[in-house]
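In this note's numbering, the protein residues as written are 1 to 293.
Here it is in structure tokens:
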């Protein structure tokens, strides 16, 4: 009887040990999981390359951020029109790379900024009538409906605004001459003006105009996620990773600056006049020498 009891006790201990080991193993392997909505076809923030791989500034930052926080990520493509519904229906936990918008201030909690955005005025290089934002009065401009720059112009009485469904459509209206200027997020628009037709024919005028920054957002009820994300953003800043990613995607700008263009033109004219004067003087001296001989 004692032997039977001993065998039973040993068996129970073994079972408990196996069960405990399994639980520990699962805990060690477990990572938190989050579903993030991301707007695609938004170069250079989030888009797919020729191989269909999702890339961009927002993608890199989110990957680094949630790796730092020990999360596994599931990306879900969303649009500006449906991301709020997907949040409210719990199809996604977060929306990544969205710009601050007073329209959603009562529904969403935003993280600290991932990047500060600016918009610029783009015109054809042949246009000398637009130098800054005040010169847009009486002009026609194109703007993407979800670009924060639109908020600056939607109530302007003296500016005719062509509202477009994509950033590229807004750019094409300028390129084809339908509008006088294209107003857009600087980083996005730069990738368009460098195409085969826009390069050298379209330039930036005026200053950089600051708009709302980009961030990660969640419904207010999931605000605890944003608090954790803010900790991760601070880590990326302190380690310099965020600066490196900004330099990777936005560090090199190919911009035709109007002031620089005017300086180059002025210097070229002066040099040309000096050369003409030198040639004239040399020719005059030659004529005098010929007459003397």
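Glycine included, every Cβ here is placed at the ideal spot set by N, Cα and C.
Nearest to residue 193 by alpha-carbon distance, out of 36, 269, 175 and 163, is 175. The beta carbons of residue 225 and residue 87 sit about 11 Å from each other, so the pair does not count as a contact at 8 Å. Taking a C-beta distance under 7 Å as the contact criterion, residue 191 and residue 170 do not qualify as a contact pair. Note: residue 149 is not bridge-paired with any residue in the DSSP secondary-structure output. Taking C-alpha positions only, residue 93 is separated from residue 37 by approximately 8 Å. Between the segment 225 to 243 and the segment 151 to 159, the count of C-beta pairs closer than 8 Å stays below three; the two stretches do not touch. The C-beta separation of residue 119 from residue 204 comes to about 10 Å, leaving the pair out of contact by the 8 Å criterion. Secondary structure in the segment 113 to 191: the beta strand (DSSP E) runs of 3 residues or longer, each lying completely within the stretch, are 118 to 124, 140 to 144, 160 to 164 and 181 to 185 in chain order.
Boundaries of the beta strand (DSSP E) harbouring residue 214: 214 to 219, taken from the DSSP string.
Secondary-structure assignment with DSSP links residue 54 through a beta bridge to 48. When the five nearest sequence neighbours on each side are left out, the beta carbons in the same chain lying within less than 7 Å of the beta carbon of residue 228 are those of 69, in order along the chain. Taking the Cβ atoms as the reference, residue 149 lies roughly 14 Å from residue 179, outside the contact range of under 8 Å. When only Cα atoms are considered, residue 83 and residue 271 end up about 58 Å apart. Under the three-state reduction of DSSP output, residue 227 falls in the helix class. By the 16-neighbour rule on beta-carbons within 10 angstroms, residue 57 is buried.
DSSP places residue 75 within a strand segment (E or B) once states are collapsed to three.
For residue 73 and residue 66, the gap between their C-alpha atoms comes out near 7 Å. 7 Å or more divides the Cβ of residue 189 from the Cβ of residue 113. The Cβ atoms of residue 144 and residue 164 lie closer than 7 Å to each other. Annotation for residue 84: the continuous alpha helix (DSSP H) segment containing it runs 83 to 88.
Distances from the CA of residue 130 to each of 85, 181 and 177 were compared; the closest alpha carbon is that of 181. The residues 56, 57, 187, 188, 191, 249 and 250, in chain order, have a CB closer than 8 Å to that of residue 44 in the same chain once the five nearest residues on each side in sequence are set aside.
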